[in-house]
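Numbering (the working numbering), first residue to last: 9 to 181.
Worksheet for the structure shown next.
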Amino acid sequence: MPKTKEQKTKVIQDLSESLAKAKSIVFIDIQGLKVREIVSLRKKAKQAMGNLKVAKKSLIDLAIKSKKGIADKVSAKTMSGEIAVLFGFDDPIKPLKSFYEFAKANENLKFISAILDDNLLNKEEVMAIAQLPSKQELLGQLLSTFNGPISGFINVLRGNIKGLITVLAKAKT
Numbered sequence: 009m010p011k012t013k014e015q016k017t018k019v020i021q022d023l024s025e026s027l028a029k030a031k032s033i034v035f036i037d038i039q040g041l042k043v044r045e046i047v048s049l050r051k052k053a054k055q056a057m058g059n060l061k062v063a064k065k066s067l068i069d070l071a072i073k074s075k076k077g078i079a080d081k082v083s084a085k086t087m088s089g090e091i092a093v094l095f096g097f098d099d100p101i102k103p104l105k106s107f108y109e110f111a112k113a114n115e116n117l118k119f120i121s122a123i124l125d126d127n128l129l130n131k132e133e134v135m136a137i138a139q140l141p142s143k144q145e146l147l148g149q150l151l152s153t154f155n156g157p158i159s160g161f162i163n164v165l166r167g168n169i170k171g172l173i174t175v176l177a178k179a180k181t
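The structure is reproduced here in structure tokens:
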């Protein structure tokens, strides 16, 4: 049954609000997915502090026109398949990573493009970003990199003290 004008206006308003709050916007082709898989994707998005919206391309385009930074960069009508929009609110990458894990197990889910920091990314760039380590992992790697030279310096100083103690011990006997 077709949606009424009020229902379409509500969908456009919801999409516009999500576009305004989102730190990342990912366009996904969900053609071929079953309803239970889409429900599972929505749960994954919610767990990753994101939101998945499925709507007609024309309604997505109307919502995109309300956001000035991206209106001239992307059009849902030019995208192939059935389009869903993934919004990342707190962490822009976390929802994308969770969907990437799902896409590895299900070939029907395909990334189309994304918008991060008002930059349009193609499919290959989206996939590359989804494969990056998380922010916490990167911070851990950075800290261990900073800690490496300090640990090495302490071990060198310790070696000199041990050598001095060994020489003094031998001189005493």
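Beta carbons: idealized from backbone N, C-alpha and C, even for Gly.
{"query": "For a quick check, are the C-beta atoms of VAL93 and LYS61 less than 7 Å apart?", "result": "yes"}
{"query": "May I have the straight-line CA-CA distance separating LEU70 from ASP22, to the nearest angstrom?", "result": "11 Å"}
{"query": "Output the boundary residues of the alpha helix (DSSP H) element that contains VAL43.", "result": "43–55"}
{"query": "If we ignore side chains and look at the alpha-carbon of each, how far apart do PHE97 and GLN15 end up?", "result": "24 Å"}
{"query": "ASP37 to SER66, Cα distance in whole Å?", "result": "15 Å"}
{"query": "In angstroms with no decimal places, state the Cα-to-Cα distance between SER159 and THR153.", "result": "10 Å"}
{"query": "Nearest by alpha-carbon distance to ALA56: which of GLN149, PRO157 and SER106 is it?", "result": "SER106"}
{"query": "Confirm, please, whether the CB-CB distance from LEU129 to ALA138 is below 7 Å.", "result": "no"}
{"query": "Give a yes or no on whether the C-beta atoms belonging to LEU124 and SER32 are separated by under 7 Å.", "result": "yes"}
{"query": "Which residue marks the beginning of the beta strand (DSSP E) containing SER88, and which one marks its end?", "result": "Segment: none, SER88 is in no beta strand (DSSP E) and carries neither H nor E."}
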